[in-house]
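Here's the structure we're looking at; comments come further down.
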Amino acid sequence: MPPLTEAAQSLLNIMLSSEQEAAFDVYASELEAWNAHTNLTAITAPDDVRVRHFLDSLTLLAAAPLPPGAHIIDVGTGAGFPGLPLAIARPDLRVTLVEATGKKLAFCQHVAELLQLKGVSFVHARAEEAGHMPGLRESGDLVAARAVARLPALLEYLLPLARIGGLALAMKGQTAAAEAKDSARALKLLGGKLREVREFALPGLEEPHYLVVVEKTAPTPAGFARRPGQPVQKPL
Ligand code: SAH
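Per the working numbering, the sequence shown starts with residue 1, numbered consecutively.
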């Protein structure tokens, strides 16, 4: 069995077909090719891409079981993480990629076209603006981000986009618990409740990864997100 398929199955109980495995290979080689001229990621060695980008992204599916057709919003997707691996593994999902940097979103668009990922859409905007867009606000069943901002600020990006009863999910490293602790006020103001901080050990990596899972329990007041820059400069 190819390495990604095997790891996805043993670690996450996710079955990938040979077509999906091939799609991940195409994604990895496009990432490497584009990275030669566009600054997309520091990680391009094939084994690293498989574990740190693909498998790491797929952990979301183990933490948050999603019904067919669920809407995922990936905020600050960069070169497509975690959104594009989710779209490859679960073609039934609707995946919206939000990214402020045009050339990164252009790469995501290129990969989605190449792999004919039909359920993916692209929003070239800052998260603070996307959160006020009609049709996008409070529409996500799962709103996720990796490596975008500290949790108190990040929640102001994510929670306006989540529907009530939906989830906001932050992919974090060792600081997960401390960031969650610092987020009590943001959670209260934005309408979220901490559900769990879940640990994942990925093969070959010393440091565990964490998923901070927040449930949206009440509407986010209309004033949030504040204007661009405010969430990071003056976290709640
Ligand atoms: N999620 C990807 C990229 C992380 S780098 C990964 O884990 O590999 C952070 C990305 O978030 C960058 O591409 C940056 O342009 C984007 N970003 C940061 N703040 C943002 C904001 N307020 N709105 C939209 N995108 C943002």
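Idealized CB from N, CA, C, for every residue including glycine.
Quick one: is residue i buried, meaning 16 or more other Cβ sit within 10 Å of its Cβ, or exposed?
i, result
"H110", "exposed"
"L114", "exposed"
"P203", "exposed"
"M1", "exposed"
"G80", "buried"
"G192", "buried"
"R15", "For the sequence presented, residue 15 should be read as Met rather than Arg. Result: exposed."
"I164", "exposed"
"T217", "exposed"
"D92", "exposed"
"T175", "exposed"
"S57", "buried"
"S183", "buried"
"E128", "buried"
For the alpha helix (DSSP H) containing residue i, name the first residue and the last one.
i, result
"D56", "D56 to A63"
"H110", "G102 to L114"
"L242", "Any answer about residue 242 is impossible in this case: the structure gives the chain only from 1 up to 236."
"T238", "Any property of residue 238 remains undetermined from this structure, which presents the chain solely from 1 to 236."
"V232", "Q230 to Q233"
"A222", "That residue, A222, is in no alpha helix (DSSP H); it is neither H nor E in DSSP."
Can you round the beta-carbon distance between residue i and residue j to whole angstroms, since I take them to be within the 8 Å contact cut?
i, j, result
"G131", "H71", "About 14 Å separates the two Cβ atoms, so there is no contact after all."
"E99", "G76", "6 Å"
"L155", "A186", "5 Å"
"V214", "L161", "Between L161 and V214 the Cβ distance is about 12 Å, and since that is not below 8 Å, they are no contact."
Need the endpoints of the beta strand (DSSP E) that residue i sits in, please.
i, result
"L93", "Neither: L93 is in no beta strand (DSSP E) and is coded neither H nor E."
"S121", "V120 to H124"
"V75", "H71 to V75"
Next item on the list: Jot down the residue ranges of each uninterrupted alpha helix (DSSP H) in the stretch 135-208, minimum 4 residues, whole runs only, in chain order.
Entry: Whole alpha helix (DSSP H) segments, 4+ residues: 151-158, 176-181 and 184-190.
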